[in-house]
Amino acid sequence: MNLLLDTHVALWAIADSPALPAAGRALIADPGNEVWVSAVSVWEIAIKHALGRGDMPVSGEDALQWFGEAGYRLLSIMPAHAAAVGALPPHHQDPFDRLLVAQARAEPLRLVTHDAAVARYGAEILLI
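Per this note's numbering, the sequence shown runs over residues 228 to 355.
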């Protein structure tokens, strides 16, 4: 299965955080799954870190390096992904999450999240 990690899930995974639920840890560790991280997540991390938010202790550069070291594949943002955001119902207002959902639908990938609002988008979403 092709998995796209939501930003918080990707950060929990590279930090080996106890916040990562066992179901998510198992999905990421399964050798039959290909794990992807989007440029959207790197962008979100970089912006929030630069703003000095306490919930974003790593820089975008560091996160990008750690995602690479973890063997995660990187997904670019394509114009079709951006356009697909317009067709999404307003379940969630966070632009980063909406773009991740649009990417999951377009590719197709399964978006792994711990955010119940994101999970409302349907079958492409795996709530852990």
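Cβ coordinates follow ideal geometry from the N, Cα and C atoms, glycine included.
Residue i versus residue j - alpha carbon distance
| i | j | result |
| --- | --- | --- |
| P284 | V267 | 17 Å |
| D257 | E334 | 20 Å |
| V339 | I352 | 6 Å |
| P248 | A307 | 32 Å |
Beta carbon of residue i nearer than 8 Å to that of residue j
| i | j | result |
| --- | --- | --- |
| L254 | L238 | no |
| I355 | G279 | no |
| L291 | V312 | no |
| T234 | I272 | yes |
Where residue i falls, given that 16 or more other Cβ within 10 Å makes a residue buried
| i | result |
| --- | --- |
| D342 | buried |
Cβ-Cβ separation, residue j to residue i (assumed contact under 8 Å), whole Å
| i | j | result |
| --- | --- | --- |
| V262 | L232 | 6 Å |
| I241 | F323 | Actually they are not in contact, since the Cβ atoms of I241 and F323 sit about 17 Å apart, beyond 8 Å. |
Secondary structure of residue i, DSSP reduced to three states
| i | result |
| --- | --- |
| L336 | coil |
| R325 | helix |
| E261 | strand |
| L247 | coil |
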